[in-house]
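What follows is one structure encoded as structure tokens, with my remarks underneath.
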Amino acid sequence: MKAILLLVTCVLLSAVLAFSDRFETDSPDAKFVLAAADGGMLEVKLGELAVKKATAAKCKDFGKSMIKDHTKVNNELKALAGKKQVSIPTQLSTAKQQMYDSLNAQSGEQFDMLYMNMMIASHEETIGLFQSESNEGKDPDFKKWADSKIPALKHHLEMAKALFPQNQKESSVK
Numbered sequence: 280m281k282a283i284l285l286l287v288t289c290v291l292l293s294a295v296l297a298f299s300d301r302f303e304t305d306s307p308d309a310k311f312v313l314a315a316a317d318g319g320m321l322e323v324k325l326g327e328l329a330v331k332k333a334t335a336a337k338c339k340d341f342g343k344s345m346i347k348d349h350t351k352v353n354n355e356l357k358a359l360a361g362k363k364q365v366s367i368p369t370q371l372s373t374a375k376q377q378m379y380d381s382l383n384a385q386s387g388e389q390f391d392m393l394y395m396n397m398m399i400a401s402h403e404e405t406i407g408l409f410q411s412e413s414n415e416g417k418d419p420d421f422k423k424w425a426d427s428k429i430p431a432l433k434h435h436l437e438m439a440k441a442l443f444p445q446n447q448k449e450s451s452v453k
């Protein structure tokens with residue numbers, strides 16, 4: 280009788296734990312983690328592409344910064360998500376892969392302009408994502424982490440905006 284009671288208790292406990300894990304995975308915080316990881320991977324991959332294909336040295340340098348900064352942030356997110364048992368994707372989402380592919384199809388000054396445009400749009404989107412988590416997230420660790428990244432993201436955005444007009448001037452001079 281004790282063995283049956285113990286078995287039933289273990290089964291019920293397992294069911295509760297399984298449900299709570301699924302609930303966490305479907306939470307807004309987990310959705311933030313997935314979106315942040317997807318965006319972070321894209322930043323790194325686009326940076327790698329810029330290092331290879333950009334014509335302007337400033338675009339290449341910006342790409343190097345994106346690789347360095349976003350790799351560090353991606354690793355932090357991966358560690359925090361691991362502690363919270365939230366899985367991080369290892370491949371880009373379809374939408375992000377399409378962005379990568381469209382940039383990869385470009386060359387020359389067209390590449391530089393599209394890359395910098397993508398960096399501006401991507402950082403604006405990412406800042407919004409991180410601000411939403413910071414303000415509305417439920418998990419205090421994710422909220423704090425997101426909040427701590429906003430100043431660097433805003434700095435990246437300002438850097439990208441500052442570079443974009445220079446690329447247009449360089450194009451018109453040639």
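In short: position in the sequence shown from 1, add 279, done, that's our numbering.
Backbone N, C-alpha and C define an ideal beta-carbon position, used for all residues, glycine too.
Values in this document were obtained by computation on a predicted structure and should not be read as measured data.
Lysine 423 by DSSP, collapsed to three states: which one? Residue 423 sits at position 144 when you count from the first residue of the sequence shown. DSSP places lysine 423 in helix when its eight states are reduced to three.
Within 7 angstroms, strictly: CB atoms of leucine 356 and alanine 314: Taking the sequence shown and counting its residues from 1, the one referred to as residue 356 is at position 77. Taking the sequence shown and counting its residues from 1, the one referred to as residue 314 is at position 35. Taking 7 angstroms as the Cβ cut-off, leucine 356 and alanine 314 do not qualify as a contacting pair.
How far does the alpha helix (DSSP H) with leucine 356 in it reach, from first residue to last? Locating residue 356 in the sequence shown gives position 77, where the first residue counts as 1. From DSSP, the alpha helix (DSSP H) with leucine 356 extends over 336 to 362.
Cut-off 8 angstroms between Cβ atoms - residues of its own chain near methionine 339, not counting five sequence neighbours on either side: The count along the sequence shown starts at 1 and reaches residue 339 at position 60. A quick correction: the sequence has lysine, not methionine, at residue 339. Ala329, Val330, Ala333, listed in sequence order.
Indicate the three-state DSSP secondary structure (helix, strand or coil) for serine 372 in the structure shown. The residue you call residue 372 lines up with position 93 of the sequence shown. In this structure, serine 372 counts as coil in the three-state DSSP scheme.
Can you have a look at serine 401 and say buried or exposed, based on whether 16 or more other CB atoms are within 10 angstroms of its CB? Residue numbering aside, residue 401 sits at position 122 when the sequence shown is read from its first letter. When all chains shown are included, serine 401 counts as buried.
Own chain partners of lysine 324 with C-beta closer than 8 angstroms, once the 5 adjacent residues on each side are dropped: Taking the first residue of the sequence shown as position 1, residue 324 is located at position 45. For lysine 324, where only same-chain residues beyond five positions count, the Cβ hits under 8 angstroms are Leu371, Tyr379.
Tell me whether the segment 411 to 428 and the segment 391 to 399 touch, counting them as touching only if at least three CB pairs, one residue from each stretch, are closer than 8 angstroms. no
Test item: CB-CB of valine 365 and alanine 309 under 7 angstroms: Counting from 1 along the sequence shown, the entry for residue 365 is found at position 86. Counting from 1 along the sequence shown, the entry for residue 309 is found at position 30. In this structure, alanine 309 lies closer than 7 angstroms to valine 365 by Cβ.
Might you give, ordered along the chain, the residues of its own chain that have their beta carbon closer than 8 angstroms to the beta carbon of serine 386, omitting 5 neighbours on each side? Taking the sequence shown and counting its residues from 1, one reaches residue 386 at position 107. Answer for serine 386: Lys332, listed in chain order.
For isoleucine 399, report the span of its alpha helix (DSSP H) as first-last. In the sequence shown, residue 399 corresponds to position 120, counting from 1. 387 to 415 is the extent of the alpha helix (DSSP H) around isoleucine 399.
So what does DSSP say about isoleucine 367, is it helix, strand or coil? For the purposes of this step, residue 367 is taken as residue 88 along the sequence shown, with counting starting at 1. Correct three-state label for isoleucine 367: coil.
With C-beta atoms as the reference, is alanine 439 less than 7 angstroms away from isoleucine 399? To locate residue 439, count along the sequence shown from 1; it is residue 160. To locate residue 399, count along the sequence shown from 1; it is residue 120. Contact flag set, yes.
Can you tell me whether DSSP reads alanine 384 as helix, strand or coil? Looking up residue 384 in the sequence shown gives position 105. Coil at alanine 384, not helix or strand.
So for alanine 329, helix, strand or coil by DSSP? Taking the sequence shown and counting its residues from 1, the one referred to as residue 329 is at position 50. Looking at alanine 329 - three-state DSSP - the assignment turns out to be helix.
For glutamine 410, I'd like the list of residues in its chain whose CB is within less than 6 angstroms of its CB, leaving aside the five on either flank, ordered along the chain. The count along the sequence shown starts at 1 and reaches residue 410 at position 131. No residues qualify anywhere along the chain.
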